[in-house]
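Asks: Would you mind keeping the following structure in view while I ask a few things?
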Amino acid sequence: GQNIDQPTEMTATEGAIVQINCTYQTSGFNGLFWYQQHAGEAPTFLSYNVLDGLEEKGRFSSFLSRSKGYSYLLLKELQMKDSASYLCAVRYFSWGKFQFGAGTQVVVTP
Amino acid sequence: DGGITQSPKYLFRKEGQNVTLSCEQNLNHDAMYWYRQDPGQGLRLIYYSQIVNDFQKGDIAEGYSVSREKKESFPLTVTSAQKNPTAFYLCASSDPNEKLFFGSGTQLSVL
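Protein sequences appear in the order of chains A and B. Start counting the first sequence at 1479; every next residue gets the next number (my numbering). Start counting the second sequence at 52; every next residue gets the next number (my numbering).
See below:
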């Protein structure tokens, strides 16, 4: 299989920065997505990387290194509402094939 | 507003019973998907459909069936052959860039 590895849980205080790492198998790689999912709700799209480098979108940034099979999602100026699970998903060249990590539960404390 | 609607939000299945989860989208997307989400695991693909009247098995299709008679609809049936059906089920569709749009999910439990 094509394992996607990300940490299970991270805790940070309000206003801080948290970096969620994701590693994946590089063979057949065709893009990486980050989604946010609150408990019992639908995942919502955060970012997409297909080329190396940093994509910035407000308080959230995502980085990709294709040669290393590595990505991270950076959450800045953390707010309580950012407490959620963050899913790393890799699209491979086989159509319809997204591999999802198990998600990283971010807990923001006051 | 365009989106994906899943129903019901909660569903209970008795032993030996088939149950059907509804998924409707008004995003005009050709591709639709069903995923299963279990605690501590990534989303796993059950079935997907690239176009009306066509669908393909995903990684864990055993015990499930689907149909795609209309572009807007992609219902999932959990059959009695699925021995461990308790999970959170997510329906999704994708735009031409293959960005996934998810429904709000159905939590299926066994009585």
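Here a beta-carbon is modelled for each residue, glycine too, at the ideal position from N, C-alpha and C.
#1: Evaluate the contact criterion for the segment 81-97 of chain B versus the segment 136-145 of chain B: three or more CB pairs, one atom per stretch, below 8 Å.
#2: For Thr1491 (chain A), is the classification buried or exposed, using 16 other Cβ atoms within 10 angstroms of its Cβ as the cut-off for buried?
#3: For the segment 113-136 of chain B, which residues have a beta carbon sitting closer than 9 Å to at least one beta carbon of chain A?
#4: Grouping DSSP H, G and I as helix and E and B as strand, with all else coil, what is Lys1575 (chain A)?
#5: Any idea which residues DSSP pairs Gln88 (chain B) with across the strands?
#6: Report the residue from B:Lys108, B:Gln133 and B:Pro147 whose alpha carbon sits nearest the alpha carbon of Leu78 (chain B).
#7: Can you tell which of B:Ile111, B:Asn69 and B:Pro126 has its C-alpha closest to the C-alpha of Val117 (chain B)?
#8: Please list, in chain order, all residues of the same chain as Phe106 (chain B) whose beta carbon is under 6 Å from its beta carbon, the five residues on each side excluded.
#9: Work out the CA separation of Ser1539 (chain A) and Gly174 (chain B) for me, nearest whole Å.
#10: Please report the residue range of the beta strand (DSSP E) in which Asp105 (chain B) lies.
#11: Just to confirm, are Gln1515 (chain A) and Leu1565 (chain A) a CB contact at a threshold of 9 Å?
#12: Out of B:Thr56, B:Gly54 and B:Lys65, point me to the one whose CA is closest to Ser131 (chain B)'s CA.
#13: Could one say the Cβ of Val103 (chain B) lies closer than 9 Å to chain A's Cβ atoms, at least one of them?
#14: Can you check whether the C-beta of Asn148 (chain B) is within less than 9 Å of a C-beta belonging to chain A?
#15: If you run the structure through DSSP and keep just helix, strand and coil, what is Lys1535 (chain A)?
#16: Among A:Thr1522, A:Gly1536 and A:Ala1567, which residue has its Cα nearest to the Cα of Lys1552 (chain A)?
#17: Using the Cα positions of Phe1507 (chain A) and Asn69 (chain B), report the straight-line distance between them to the nearest angstrom.
#18: Who does Val1584 (chain A) pair with in a DSSP beta bridge?
#19: What does the Cβ neighbour count give for Asp1530 (chain A), buried or exposed, with the cut at 16 atoms within 10 Å?
#20: Please report how far the alpha carbon of Met1597 (chain A) lies from the alpha carbon of Glu75 (chain B), in whole angstroms.
Replies: Looking at the coordinates:
#1: yes
#2: exposed
#3: Of all residues in the segment 113-136 of chain B, none is placed with a Cβ closer than 9 Å to any Cβ belonging to chain A.
#4: coil
#5: Under DSSP, Gln88 (chain B) forms a beta bridge with B:Phe139.
#6: The shortest C-alpha separation from Leu78 (chain B) is found at B:Pro147.
#7: B:Pro126
#8: Within the same chain, Phe106 (chain B) has close Cβ partners Tyr98, Ser100, Val117 and Arg119.
#9: The first residue shown for chain B is 52 and the last is 162, placing residue 174 (chain B) beyond what the model contains.
#10: First-last of the beta strand (DSSP E) with Asp105 (chain B): Asp105 to Lys108.
#11: yes
#12: Among B:Thr56, B:Gly54 and B:Lys65, the Cα nearest to that of Ser131 (chain B) belongs to B:Lys65.
#13: no
#14: Output row for Asn148 (chain B): interface = yes.
#15: strand
#16: The question names Lys, but residue 1552 (chain A) is Leu in the sequence shown. It is A:Gly1536.
#17: 37 Å
#18: Partner residues in the beta bridge of Val1584 (chain A), as assigned by DSSP, are A:Met1488 and A:Ala1562.
#19: Around the beta carbon of Asp1530 (chain A), a 10 Å sphere encloses fewer than 16 other beta carbons of the protein chains shown; the residue is thus reported as exposed.
#20: Nothing in the structure corresponds to residue 1597 (chain A), since chain A is present only between 1479 and 1588.
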